[in-house]
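Those letters in the sequence shown? Residues 190 to 666, per this note's numbering, in order.
Beta carbons: idealized from backbone N, C-alpha and C, even for Gly.
The model shown is predicted, which means the values in this text are computed figures rather than measured ones.
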Amino acid sequence: MAQYNQVTPEIIEQLKVAANGHVYVGEDINEDYMRDEMPIYGKKMPDVLIQPLTTEEVSAVMKICNDNLIPVTPRGAGTGLVGASVAVLGGVMLDTQKMNKILEYDYENMVVRVQPGVLLNDLAEDCVRQGLLYPPDPGEKFACLGGNVSTNAGGMRAVKYGATRDYVRAMKVVLANGEVVDFGAQVSKTSTGYSLINLMVGAEGTLGVITELTLKIIPAPKAVVSLIIPFEDLETAISTVPKIKMAQLDPQALEFMEREIILSSERFIGRETFPKSLDGQEIGAYLLVTFDGKDEEELNNVVEQACELVLEAGAIDVLVADTSTKIKDAWAARSSFLEAIESETKLLDECDVVVPINKIAEFLTFAKEFGAECGLEIKSFGHAGDGNLHIYQCSNDLEEEEFKRRVDKYFNVLYKRATEIGGLVSGEHGIGRGKMKYLRECLGETSINLMFGIKKVFDPNLILNPGKVCYPIEGVD
Ligand SMILES: Cc1cc2nc3c(=O)[nH]c(=O)nc-3n(C[C@H](O)[C@H](O)[C@H](O)COP(=O)(O)OP(=O)(O)OC[C@H]3O[C@@H](n4cnc5c(N)ncnc54)[C@H](O)[C@@H]3O)c2cc1C
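So this is what it looks like as C-alpha cells:
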C-alpha cells in the first residue's frame with residue numbers, strides 16, 4: 190500500500206484558502222457522507238469535506254493533497270451501489286454537488302455543456318422542455334452526471350440508445366497533481382490516439398476529477414407508448430426477448446420483473462397497476478416494454494406487430510399505456526423496486542451481473558436455486574433487453590456477519606457462473622469496493638495489472654479513491 194499522511198490543522202488551513210472556505214471538518218460533516226446507498230460495503234467518515242464551485246478550486250485542492258499524500262474521494266450524490274464513493278481511508282472528500290450548472294446548449298452540434306454536479310433529473314427535464322432527449326436513463330434520477338459518467342451508468346433506455354459512455358463527447362479533468370486537462374472534443378467521431386476520455390468513463394473517481402462534461406443530446410421522439418405484458422412464468426417472458434429483438438421492433442426499454450417484486454413495489458407505492466391474474470390465470474412474470482417513434486402512425490404499426498408477436502410467444506395479454514399519465518403509472522412500480530426491497534429488508538446485497546441475453550432464464554433459475562441452498566431470499570429484476578440482471582440477496586433473520594458469509598459464498602459461485610457463460614461482473618453499477626475480488630476473478634491478473642498500471646500513470650501517488658476497482662487496500666477490503 191502507498192504511504193498516506195493524516196490531514197493536519199495546517200493542511201486544513203491551506204485547503205480553506207484553496208477552496209475559498211467551502212471546507213468542513215468533524216461534526217460539520219453530515220453523516221450521509223460516510224456511506225453510499227449500499228452501506229453493507231462499509232462506512233467511514235472523511236476527515237475533511239470540500240464542496241468546490243470551480244475547476245480552479247478542485248485543482249488547487251488536488252495539488253495540496255498530492256503534495257501531502259492525502260487520499261481524496263470524489264463524490265457525486267452518493268447514490269452508488271458498490272461503496273465507490275466511501276472515503277475508506279478518511280482524508281478529503283471532494284463533493285461536486287455544488288458544481289451544478291447547465292452551462293450551454295449547442296443546438297447545431299447537438300451537445301450540452303454541464304458541470305458534474307448537475308442532477309440527471311434536472312438535465313432530463315431541461316431537455317424535455319426543449320423537445321430534446323438526453324437518452325441515458327438510470328433508475329436513480331437524483332444522481333449527478335459526474336457520478337453517472339464515472340460509473341458508466343446504464344438504465345432503462347440502454348437497449349436502444351446505449352449507456353452513458355455513448356453520450357460523452359468531451360470533459361475537463363483535474364488530474365491527481367492538480368493539472369487540468371481536456372479530453373475529447375465536440376465531434377461525433379475520432380481516431381486520435383488512445384481514448385483517454387473513455388478511460389475516464391467508468392473509472393469511479395480513481396483516475397481524475399471530472400469538472401465539466403460535454404454530452405450528446407438528440408431530438409426527442411414524437412410518440413412514446415409502454416406495454417405491460419403479463420406471462421404465466423419467467424421462462425416464457427424471457428424467451429420472448431430475443432424474438433422482439435429479431436423482429437427489429439427496436440424497443441426503447443425492455444425490462445423483466447417477477448410477480449413477487451411487483452407485489453413488494455405496489456405495497457411500497459400504495460397503488461396497483463399490474464394485473465395479478467387474468468381470466469383465472471395466475472401471472473408469474475411481466476415484460477415492461479417502451480417503444481418510441483417519429484409519429485403516431487409509425488408507432489401504432491410497431492405496437493400492432495409487438496402485440497401479435499408476444500401473444501404468439503405465450504403472453505397472457507397486453508396492456509397498452511399510451512398517455513403520459515398511464516406511462517408514468519406503468520413505470521412507477523419499476524422505478525421503486527430498490528426502495529421497495531429496502532423498506533422490507535434488514536440486510537441487503539446486490540449482484541449487478543450482465544450475461545448474454547439467451548442465457549438470462551438459465552442464469553436466473555440457477556441464481557434462485559443456489560440462493561435457496563445458501564439460505565438467502567432472492568429477489569430479481571433487470572434489463573432483459575441487454576442481459577443486465579439485478580439479483581438481490583435479502584435477509585430479515587440472519588446476523589450481519591453470517592449474512593455476509595453466505596453472500597460471499599453465493600457471489601463466488603454466481604459470478605463464476607456468469608463468467609463461464611460469457612458474462613461480466615457488472616453491467617452498470619461498477620466495481621467500487623464491493624466487487625473488487627470478483628473483478629479480479631472474472632478478468633484475471635493480466636487485465637488487473639494493466640488497469641493498475643494505467644492508474645499509476647494518472648495518479649503516481651495513488652491518492653485518488655484508494656481501495657477501489659483495481660487497487661486493494663489490506664484491512665479495508
Ligand atoms: C434507486 C436506485 C436506482 C439505481 N438505478 C440505476 C440504474 O438503473 N443504472 C445504473 O447504472 N445505476 C443505477 N443506480 C446506481 C447509481 O445511481 C449510479 O451508480 C449513479 O451513476 C451514481 O451517481 P452519483 O452521483 O450518486 O455518484 P456517487 O455514488 O457519489 O459516486 C459514484 C462513483 O463516481 C465517482 N465520482 C462521482 N463524481 C465524480 C467526478 N466529478 N469526478 C470523478 N469521479 C466522480 C465517485 O468517486 C464514485 O466512485 C441506482 C441507484 C439507486 C439508489
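Bridge partner(s) assigned by DSSP for Ser615: Here residue 615 is taken as the residue at index 426 of the sequence shown, counted from 1. DSSP, once it has assigned bridges, lists no residue as partnering Ser615.
Proximal residues to Ala409 (C-beta, below 8 Å), its chain only, five neighbours per side dropped: Taking the sequence shown and counting its residues from 1, one reaches residue 409 at position 220. Residues of the same chain with a CB within less than 8 Å of the CB of Ala409, apart from the 5 flanking positions on each side, are Cys316, Val317, Gly320, Leu321 and Leu322 in chain order.
Span separating the alpha-carbon of Pro440 from that of Gly571: Residue mapping note: residue 440 aligns to position 251 of the sequence shown, counting from 1. Residue mapping note: residue 571 aligns to position 382 of the sequence shown, counting from 1. Those two C-alpha atoms are separated by around 15 Å.
Helix, strand or coil at Gln286 [DSSP, three-state]: The residue given as residue 286 occupies position 97 in the sequence shown. Helix, per DSSP.
Residue(s) in a DSSP beta bridge with Glu447: One-based indexing of the sequence shown puts residue 447 at position 258. DSSP lists Ala474 as the bridge partner or partners of Glu447.
Residue burial classification, Ile200 (beta-carbon count within 10 angstroms, cutoff 16): The residue labelled residue 200 in the question sits at position 11 within the sequence shown. So Ile200 ends up on the buried side.
Residues bridged to Thr534 [DSSP beta-bridge criterion]: For the purposes of this step, residue 534 is taken as the residue at position 345 of the sequence shown. Paired residues: none, contrary to the question.
Meets three-Cβ-pair contact criterion under 8 Å: the region 617–624 and the region 382–395: yes
Those runs of the beta strand (DSSP E) which lie wholly inside the region 488–562 and span at least 3 residues: Scanning the region 488–562 for uninterrupted beta strand (DSSP E) segments of 3 residues or longer gives 508–510 and 536–543, listed from N- to C-terminal end.
Straight-line Cα distance separating Lys252 from Gln243: Residue 243 sits at position 54 when you count from the first residue of the sequence shown. Residue 252 sits at position 63 when you count from the first residue of the sequence shown. It is Thr, not Gln, that sits at residue 243 in the sequence shown. Within the model, the alpha-carbon separation for Thr243 versus Lys252 is close to 15 Å.
Any non-hydrogen atom of ligand 1 within 7 Å of Pro241 CB: In the sequence shown, the residue the question calls residue 241 occupies position 52. Flag unset: Cβ of Pro241 not near ligand 1.
Cutoff 6 Å; reference Lys626; Cβ partners in own chain excluding five residues on either side: Reading the sequence shown from its first residue, position 437 is the one you call residue 626. Once the five neighbours on either side are set aside, Lys626 has no close Cβ partner at all.
Expected contact under 8 Å - CB spacing of Met227 and Val271 to nearest Å: In the sequence shown, the residue the question calls residue 227 occupies position 38. In the sequence shown, the residue the question calls residue 271 occupies position 82. Indeed they touch by this definition, with Cβ atoms about 6 Å apart.
Proximity of Ala474 and Phe420 at Cβ, strictly below 8 Å: As a working note, residue 474 is residue 285 in the sequence shown. As a working note, residue 420 is residue 231 in the sequence shown. Against a cut-off of 8 Å, the Cβ pair of Phe420 and Ala474 comes out as a contact.
As assigned by DSSP and simplified to three states, the class of Gly574: What you label residue 574 is simply residue 385 of the sequence shown in a count that begins at 1. In the structure shown, Gly574 sits in a helix (DSSP, three-state: H, G or I).
beta-carbon Ser513 near ligand 1 non-hydrogen atom, thresh 7 Å: Start at 1 with the first residue of the sequence shown, and residue 513 comes out as number 324. The answer is no for Ser513.
Asp225 beta carbon less than 8 Å from that of Gly269: Against the sequence shown, residue 269 aligns to sequence position 80. Against the sequence shown, residue 225 aligns to sequence position 36. Yes.
Asp217 - partner residues in DSSP beta bridges: Within the sequence shown, residue 217 is the residue found at index 28, counting from 1. For Asp217, which the question treats as bridged, DSSP gives no partner whatsoever.
Within 8 Å, strictly: CB atoms of Arg606 and Phe552: Here residue 606 is taken as the residue at index 417 of the sequence shown, counted from 1. Here residue 552 is taken as the residue at index 363 of the sequence shown, counted from 1. For Arg606 and Phe552, yes; Cβs fall inside 8 Å.
8 Å contact criterion, which Pro655 and Val277 should meet: CB distance rounded: Sequence index remark: in the sequence shown, residue 655 carries index 466 (1-based). Sequence index remark: in the sequence shown, residue 277 carries index 88 (1-based). About 7 Å; that satisfies the 8 Å criterion.
Cβ pair Thr429, Val499 closer than 8 Å: For the purposes of this step, residue 429 is taken as residue 240 along the sequence shown, with counting starting at 1. For the purposes of this step, residue 499 is taken as residue 310 along the sequence shown, with counting starting at 1. Yes.
Those residues which DSSP pairs with Met360 across a bridge: Taking the first residue of the sequence shown as 1, we reach residue 360 at position 171. In DSSP, Met360 forms a bridge with Phe372 and Leu402.
Sequence-distant residues of the same chain with beta carbon closer than 6 Å to Pro649, five excluded per side: Here residue 649 refers to the residue found at position 460 when the sequence shown is read from its first residue. In its own chain, leaving out the 5 sequence neighbours on each side, no residue places its CB closer than 6 Å to the CB of Pro649.
Stretch pair the region 559–570 + the region 445–457: three plus CB contacts closer than 8 Å: yes
Contact under 8 Å by Cβ, Leu653 with Leu396: Stepping through the sequence shown from its first residue, residue 653 is reached at position 464. Stepping through the sequence shown from its first residue, residue 396 is reached at position 207. In contact: Leu653 and Leu396 (Cβ atoms closer than 8 Å).
Contact test: Arg688 Cβ vs ligand 1 heavy atom, cutoff 7 Å: What is shown of the chain runs 190 to 666, which leaves residue 688 out entirely.
Leu258 in three-state terms, based on DSSP: Within the sequence shown, the letter at position 69 stands for residue 258. DSSP places Leu258 in coil when its eight states are reduced to three.
Residues bridged to Ile168 [DSSP beta-bridge criterion]: Residue 168 falls outside the range modelled here, since the chain spans only 190 to 666, and no answer is possible.
Cβ neighbours of Glu461 in the same chain (closer than 7 Å, five flanking residues each side left out): By 1-based counting over the sequence shown, the position of residue 461 is 272. Same-chain partners within the cutoff: Glu455.
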